[in-house]
Amino acid sequence: MVMVLKDSFFPPLIALLTSPPDVENFLTADIDILAPSIGNIRGDYGPLGPQLDFDRLKCINKQINGRVLIALHGTNDFTPEVMRRCIEAGAVKLNVNKLLLECWDVQLRNNAGLPFMRLIEEVAKGG
60 MVMVLKDSFF PPLIALLTSP PDVENFLTAD IDILAPSIGN IRGDYGPLGP QLDFDRLKCI
120 NKQINGRVLI ALHGTNDFTP EVMRRCIEAG AVKLNVNKLL LECWDVQLRN NAGLPFMRLI
180 EEVAKGG
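Under our numbering, the first residue of the sequence shown is numbered 60, with each subsequent residue one higher.
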């Protein structure tokens with residue numbers, strides 16, 4: 060379940076989200092990629108799951124008008140539908156480090172007795 064974060068929802072948290080002036084400030088720093096805060100967080104989400112402001116992401120995408128790309132952190136718990144909505148709203152880079160680390164951890168435990176280079180080869184071929 061994903062709830063949409065509106066200005067009337069959790070008002071104290073609104074100040075943590077990326078605003079239009081924030082976007083302009085970042086752009087003046089000559090960045091290539093903007094990673095806005097739209098309710099996404101690094102780490103695990105609470106029992107309500109991700110609470111994202113897709114309208115904010117769409118507005119940010121419109122504001123940057125192709126000047127930079129949009130990346131999102133904290134996408135590990137996003138469903139395929141949420142990922143799709145983020146992409147449709149302008150995100151082009153969705154960081155999923157935790158998902159990759161979890162797969163590596165399983166492979167490491169299952170193949171702990173192998174020499175390191177063989178372990179890398181096994182992981183590369185999905186073994």
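For each residue, glycine too, the CB sits at the ideal point set by N, CA and C.
- DSSP, read as helix, strand or coil, puts I97 in coil.
- Note that the segment 113-129 touches the segment 85-101; at least 3 beta-carbon pairs, one per stretch, sit closer than 8 Å.
- Cβ-Cβ distances below 8 Å link I129 to I92, L93, A94, P95, L116, I119, N120, I123, G149, A150, V151, K152 in the same chain, with the five nearest sequence neighbours on each side left out; the list follows chain order.
- Around the beta carbon of C145, 16 or more other beta carbons lie within 10 angstroms, which makes this residue buried.
- When secondary structure is reduced to three states using DSSP, V151 falls in the strand class.
- Under the DSSP assignment, L116 falls in the alpha helix (DSSP H) whose first and last residues are 113-123.
- Out of P109, D89, L131, the CA that lies nearest to the CA of T77 is found in L131.
- Residue environment: G105 is assigned as exposed (fewer than 16 neighbouring CB atoms within 10 Å of its CB, all protein chains considered).
- Cβ-Cβ distances below 6 Å link G133 to N99, I100, R101 in the same chain, with the five nearest sequence neighbours on each side left out; the list follows chain order.
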